[in-house]
Amino acid sequence: MRPLRGGNWRSIVWLFAGLAVIAVSACTEDTLTGVDPDAAPGEARETIEIELSSPSDVPAWRDTTFTDYALPSTSSSRLVALSTDLRARVLARFATLPDSVLVGEDRLAVESYSAGRIRLVLDTTASMVPEAGSSVEAYSLARGFVTREATWSEAAAGEPWTTPGGDLGELLGTLQIDSLAADTVFLPLTVDTDSLLQAWLSDDGEPGLALVSDTDGTSLTVRQAVLAFDVKPVGRDTLVETLRAATATTFLFDPPAPSPGLGLRIGGLPAARAYVSFELPESVGGVELRGARINRATLLLTSTGAPAAPFATADTLLASTFSLLANPFEFGPKSPVGVNTANAIEILPEAMEGGGELELPITSLVREWAAADPGSMPEINLGVRVLPEGGALAYWEFGHAGDPARAPRVRIVLTPSTAFDLP
Amino acid sequence: MRWFSGGTRGRTAIAAGAVGLALWAAPAAAQTPTSALGLGVPVSPIDARAAALGGTGIGFETGSVSARNPADIGLYGQPVLGITYAPEGVTVKGDDGEADTGRSRVAVLRGAIPFDEWAAGVAFASELDQDWQVSFADTLFIEEGTFPFTEQRSQDGGVSSVNFTLARRLGPLSLGAEYAVITGRLQQTYRRDFEPDVDDPERVLGSTSGITDWEYGGRRVRFGAAARLTNRIHVGADMSLQSALTAERDTIGGEGLTRKFDMPTAFEFGASARVSDRLLLTGAGGWAGWSGAEGGSDDFVASNVVWAGVGAELTGIRLLGVSMPLRFGVRRTDLPFHPRGRDQLSESAVTMGLGVRVAEEQARVDVALEIGSRGDLAGSGVEEGFQRLSITLALFQN
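Note that the protein sequences, when read in sequence, are chains A and B.
Per our numbering, the very first residue in the first sequence carries number 16; after that it's consecutive.
Per our numbering, the very first residue in the second sequence carries number 412; after that it's consecutive.
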């Protein structure tokens, strides 16, 4: 064998290197595109859809409605209304009136209060006044109220008003509203402001005031009620304009929301949530659900129709589904809440009025269940609520598991797990 | 409970009470690449010279860097190392037209060292090519909505062998024996990407995919002989016995599974004759008993294979000042796997090629081009045309 010279070695090495580069792509296949799906080779699991009805297909199904997740006192808005369907009044108390004011660098005692008025910020898009205009009156309350407990019939739990709707005292002032052109309006106090505020100052705002409308057809959504007044400091001629937000506020309405009963309710005031707990079968008709790829899962709730006035709405509310970190039938209404399962879904009133279905995505929950060991996640616990909670009196109700015609259902689009065979 | 089987392409298949655990099983029909049939397409472990000479590779006067006959390495006068890379373009034919694809593989990597009257060698060879990849578009119609999707399916891998060869030279005769470890992997995948519901873009199914891995194992022994009958005539023959091919499925995504496929006993023979100083004629053929490799499939049938090829090599031709042998040939071979109820596929090709010695004749580059077809749409239900380019780089071979 002849020895190779350096140049020969280099050329051979380069040849092999080039071939090696080509070879790393060896055994590859270019994609054959556009083949007939019916004639395509290979295997794939078909994506299928199953629908499980409660409780026939899901025996361990439980559902209920819990309430009080938002109260009139914690609602983001208050209602002053009068109509054949609804009466509503706002109650407020101002317990943080100042007994001194800062003038320049001097803090001076208050000599007197004057020019009292209540600044109301209205949600004009959610308010209504008759064509002839409306009026809102402010009354002093004859008795105090407990903010979280006050209702149209009771000032506090177990303590009924003498007159349902609040025991009204002296008329403090009247505001005439001819239109909803302005979203900020001032209700002037026509009583002696100094006497009124001195009394509130000494009694921590008790008993408070009520905003009332006696004009039929009025519905005012009040976002904010603030007491505005001028303060004259001791020894000074200047007046200092001062604002104080209500320290306690709520609203009373009549009629009260009916009990949800067995139906699944979301929304309203006090705000209701539908809580559901169920165990999916491990397999259905030979298809293993556990371990399958969950393409989409939906909780289908069938509406019982529009509730009676004033709890029906023509507005589109938003429904949100969220996971529960514990079984609500063990932990009750205060079961810890997990994450939302998807973006909020619009509740279209025209569909719900006719007994339509509300489709709530729960893909992430079912996917988590399918990926878990059977022992670690035997059940799925979830809740449904309206966003924002307590934003309206309106609610929607849906059939529960004991309502055969409107029982909740779960629809799952899935692709069974893969274990291909050789031809 | 209601079941909605995933209807596609307008077939809204709502099968109440019926279970749609449907495997979209492989229909052996049009637009199926041959590598998707059964265990795939057998790969001849031959170099570019043999490919150009009608796919022969046995009975050559100086052996080759093919891995057909273990006795061939006894004919080497010096150590040899060769690698053959063989990409091919494929046109798969179907009822609705043709579609182009391509494959590439290292057909054989052969090394051998002679010492005294002995020679030892190792060869890595492709045995079965199972690579293919297809994609298509379809639409899923279900209660949830109407979801167009694209799907890609593929197989990646195949069966290879690692061959350990020993040959003994006895005058004009060389005897060889070979032990081969059959190995390989196969990965089957699919991926389905759904578009949003056509009526409600907010409604999505995302994507879904699956993957299954297989590992192959087996053994093979091969015995061969090569002889110089005269200074101008050489012959060779070999026979191989192979254990069942064991395929083990991994347990990810399902239960493990072991499948066994009987592998063929095979016979091959060939001869070459230098009829003049400038012309070499060669021919080879063989038989392989693939009929036991069916594996219980409902879709495919395995049949025995007969192959044959002839070729001619013209030497003494100089192109651009370089001596460059020109080669031509034709070949025909049966393919072992074909759709049940259809004709067995055959592959035929015309072959051509050339070679050039470089590095002061211490290395050789051979190139072969094979143009042919496999199957026929009417008879076997599968048909594809191909153009395969084989490139061999061999070192130290005389």
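Note that beta-carbon positions come from the ideal geometry of N, C-alpha and C, so glycine has one too.
Please read all numbers here as calculations on a predicted model, not as lab measurements.
(1) Looking only at its own chain, which residues have a Cβ that is under 7 Å from the Cβ of aspartate 754 of chain B, when we skip the five neighbours before and after it?
(2) Would you check if the distance between the CB atom of glycine 223 of chain A and the CB atom of alanine 107 of chain A is smaller than 9 Å?
(3) Rounded to a whole number of angstroms, what is the C-alpha to C-alpha distance between glutamate 404 of chain A and leucine 123 of chain A?
(4) Strictly under 9 Å for the Cβ-Cβ distance: is glutamate 256 of chain A near chain B by that measure?
(5) Of all Cβ atoms in chain A, is any one closer than 9 Å to the Cβ of tyrosine 487 of chain B?
(6) So, at 6 Å on beta carbons, what are the nonlocal neighbours of proline 438 of chain A in its own chain, with the 5 sequence-adjacent residues on each side left out?
(7) Is tryptophan 718 of chain B close to chain A? Criterion is C-beta to C-beta, closer than 9 Å.
(8) Hey, would you say threonine 623 of chain B sits closer than 9 Å to aspartate 649 of chain B, going by beta carbons?
(9) Determine the direct distance from the alpha carbon of valine 428 of chain A to that of serine 40 of chain A, and round the result to whole angstroms.
(10) Using a Cβ cut-off of 8 Å, pull out every chain B residue sitting near arginine 311 of chain A, in sequence order please.
(11) Go through its chain and collect everything with a Cβ distance to proline 351 of chain A's Cβ below 8 Å, but skip five positions before and after it.
(12) Taking C-beta pairs closer than 7 Å, name the residues in chain B that valine 50 of chain A reaches, listed in chain order.
(13) Tell me whether the beta-carbon of leucine 254 of chain A lies closer than 9 Å to the beta-carbon of alanine 130 of chain A.
(14) Is there a Cβ from chain B that is less than 9 Å from the Cβ of alanine 434 of chain A?
(15) For glycine 703 of chain B, I'd like the list of residues in its chain whose CB is within less than 6 Å of its CB, leaving aside the five on either flank, ordered along the chain.
(16) Using alpha carbons as the reference points, say which of A/Pro325, A/Ser379, A/Pro343 and A/Val401 lies closest to isoleucine 362 of chain A.
(17) For glycine 390 of chain A, is the classification buried or exposed, using 16 other Cβ atoms within 10 angstroms of its Cβ as the cut-off for buried?
(18) Which residues in chain B have a C-beta closer than 8 Å to the C-beta of alanine 416 of chain A? List them in chain order.
(19) Does the region 583 to 599 of chain B come within contact of the region 550 to 558 of chain B, defined as at least 3 CB pairs closer than 8 Å?
(20) For glycine 320 of chain A versus tyrosine 410 of chain A, is the C-beta distance shorter than 9 Å?
(21) Is glutamate 724 of chain B close to the ligand MG? I mean its beta-carbon at under 8 Å from any heavy atom of the ligand.
(22) Using 10 angstroms around the beta-carbon of isoleucine 192 of chain A, count the other beta-carbons present and answer buried if the total reaches 16, otherwise exposed.
(23) Buried or exposed: where does glutamate 412 of chain A fall if 16 or more other Cβ atoms within 10 Å of its Cβ makes it buried?
(24) According to DSSP, simplified to helix, strand and coil, what is serine 455 of chain B?
(25) Do you know whose CA, among A/Ser150, A/Leu314 and A/Ala323, lies nearest arginine 421 of chain A's CA?
(26) For a minimum of 3 consecutive residues, which ranges assigned as the beta strand (DSSP E) are wholly contained in the region 676 to 746 of chain B?
(27) Would you be able to state if there are at least three C-beta pairs under 8 Å between the region 701 to 721 of chain B and the region 462 to 472 of chain B?
(28) Measure the alpha-carbon distance for proline 348 of chain A versus alanine 287 of chain A and round it to whole angstroms.
(29) Following the continuous alpha helix (DSSP H) through threonine 364 of chain A, name the residue where it begins and the one where it ends.
(30) Within the same chain, show all residues whose beta-carbon is closer than 8 Å to that of glycine 568 of chain B, passing over the 5 residues directly before and after it, in chain order.
(31) Under 9 Å between the Cβ atoms of threonine 443 of chain B and alanine 54 of chain A?
(32) According to DSSP, is arginine 382 of chain A part of a helix, a strand, or is it coil?
(33) If you check the beta carbons only, do glycine 493 of chain B and valine 476 of chain B fall under 9 Å apart?
(34) The alpha helix (DSSP H) with phenylalanine 605 of chain B in it runs from where to where?
(35) Are the C-beta atoms of leucine 316 of chain A and some chain B residue less than 9 Å apart?
(36) Can you look up tryptophan 215 of chain A in the DSSP assignment and give me helix, strand or coil?
Per the coordinate set shown:
(1) Gly790 and Ser791
(2) yes
(3) 43 Å
(4) no
(5) no
(6) none
(7) no
(8) no
(9) A caution first: serine 40 of chain A carries a pLDDT of 45, below 50, which makes its placement in the model too unreliable to give a value.
(10) Glu555, Arg614, Val615, Leu616 and Gly617
(11) Leu339, Leu340 and Ala341
(12) Gln442, Ala510, Val545 and Phe547
(13) yes
(14) yes
(15) Asp673
(16) A/Val401
(17) exposed
(18) In chain order: nothing, as chain B lies at least about 15 Å away.
(19) no
(20) no
(21) Among the components modelled here there is no ligand, and therefore nothing to report on the ligand MG.
(22) buried
(23) buried
(24) coil
(25) A/Leu314
(26) 677 to 687, 690 to 699, 711 to 713, 716 to 725 and 737 to 745
(27) yes
(28) 10 Å
(29) According to the sequence shown, residue 364 of chain A is proline rather than threonine. Note, proline 364 of chain A: alpha helix (DSSP H), 364 to 368.
(30) Gln541, Asp542, Gly595, Arg596, Leu597, Gln598 and Trp625
(31) yes
(32) helix
(33) yes
(34) Where phenylalanine 605 of chain B is concerned, there is no enclosing alpha helix (DSSP H), although the beta strand (DSSP E) it sits in stretches over 584 to 605.
(35) no
(36) helix
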